[in-house]
Amino acid sequence: MHELLRSAFESGRPVLGICLGHQIIADCFGGEVSVGLATQDEEGATQVTLTDAGVDDPLLGPLGASLMVEQSHHDAVVALPPGATLLASSERCPIQAMRLGSIVSVQFHPECSPEVAGQWAANGGHYGAAVEAELLRHDDHLTRTGERLAEGFVAAARAWR
1 MHELLRSAFE
11 SGRPVLGICL
21 GHQIIADCFG
31 GEVSVGLATQ
41 DEEGATQVTL
51 TDAGVDDPLL
61 GPLGASLMVE
71 QSHHDAVVAL
81 PPGATLLASS
91 ERCPIQAMRL
101 GSIVSVQFHP
111 ECSPEVAGQW
121 AANGGHYGAA
131 VEAELLRHDD
141 HLTRTGERLA
151 EGFVAAARAW
161 R
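Rendered as structure tokens:
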């Protein structure tokens, strides 16, 4: 995995890492990941704030300075890789998003909807009824954020070709 990521970085190929992908990217390029750090656990809908660099970022900036996103993690990036730019943070997790060249990674789950969260819970996940209800309340915003992020990434990938 590290070899593929380094190759993508060197070639400028766009990469979007999500959750574990965010953590793998940080580890690959010399950042630090904390496993099971209870003070950074996040579940359900969470407010994420873009940094100034995040607001100016071509992928995250168009989403707005403050985002409601779905979270489900117990591990977190606690130190950026050398040369990486912090793009977003939350109250409990200071490194929510970062950029390293053409590689962008996020701790949150832009692909998640209340339906997906329900499937995760049905398959042994740890979501409770309160978290599912919270995700339903924010469904429009969560879905719109995920769609816009995906569209931006697809545009970057097509432009790279």
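Residues in the sequence shown are numbered from 1 upward in steps of one, following UniProt numbering.
Cβ coordinates follow ideal geometry from the N, Cα and C atoms, glycine included.
For clarity, every value in this text was computed on a predicted model and none was experimentally measured.
For residue i, which beta-bridge partners are listed by DSSP?
i	result
A45	E70
A130	None, per the DSSP bridge assignment.
L16	V104
L86	M98
V116	Beta-bridge pairing links V116 to no other residue.
S50	Reading off the sequence, residue 50 comes out as Leu, not Ser. Answer by DSSP bridge pairing, in chain order: A88.
V77	V33
Given that a residue counts as buried once 16 or more other Cβ atoms are within 10 Å of its Cβ, and exposed if not, what is residue i?
i	result
P58	exposed
M1	exposed
A150	exposed
S90	buried
L80	buried
A97	buried
V154	exposed
A129	exposed
For residue i and residue j, what's the separation of their Cα atoms in angstroms?
i	j	result
R92	W160	34 Å
G146	E32	26 Å
A65	Q107	16 Å
S11	G21	19 Å
residue 162	A88	Here the chain comprises residues numbered 1 to 161, so residue 162 is not present and cannot be evaluated.
A156	I25	18 Å
H138	I95	22 Å
R144	C28	30 Å
E134	Q47	12 Å
R6	S34	22 Å
Q40	A76	7 Å
I18	L67	16 Å
Over the uninterrupted alpha helix (DSSP H) stretch that includes residue i, give me the two end residues.
i	result
L63	Neither: L63 is in no alpha helix (DSSP H) and is coded neither H nor E.
R148	139 to 160
V35	Segment: none, V35 is in no alpha helix (DSSP H) and carries neither H nor E.
S7	2 to 11
D57	No alpha helix (DSSP H) contains D57, which DSSP labels as neither H nor E.
Closest to residue i by C-alpha separation, out of the options, would be which residue?
i	options	result
S116	R158, A53, Q40, E70	In the sequence as presented, Ser is not what sits at residue 116; that position holds Val. Considering only alpha carbons, the answer is E70.
S102	L50, E43, L60	L60
E43	H74, L142, E3, F9	H74
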